[in-house]
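I have placed the structure first, in the form of C-alpha cells, so that the comments after it can refer back to it.
Numbering (my numbering), first residue to last: 504 to 576.
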C-alpha cells in the first residue's frame, strides 16, 4: 500500500533478490531458545510479582468475627 504507486528501480532489484535468496537458504524457523527464554522470564516475573503482592498484603486481612464477638472496635 505504501509503495503501490512507485515501481522498483533497477538498482533495488538485485539487493532484494539477494536478500530473499539468503533468507530462503537459511530457513524461516523461529529460534526456540529465544521463545523458551521469553516464556521463562515471563513466568519468573509473574511468580516474583505474586510473591511480592502476597508479602505486601500479608497483614492486610484482620479478623472480623472475633473482635465483633468480644465487643471490641
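Cβ atoms here follow ideal geometry from the backbone N, Cα and C, with glycine treated the same way.
Three-state secondary structure assigned by DSSP to residue i
i	result
residue 511	coil
residue 573	helix
residue 505	coil
residue 562	coil
Residue i, enclosing alpha helix (DSSP H) - first and last residue
i	result
residue 567	Residue 567 -> no alpha helix (DSSP H), and no H or E assigned at all.
residue 546	535–559
Contact set for residue i: own chain, Cβ-Cβ below 7 Å, skip 5 residues either direction
i	result
residue 569	none
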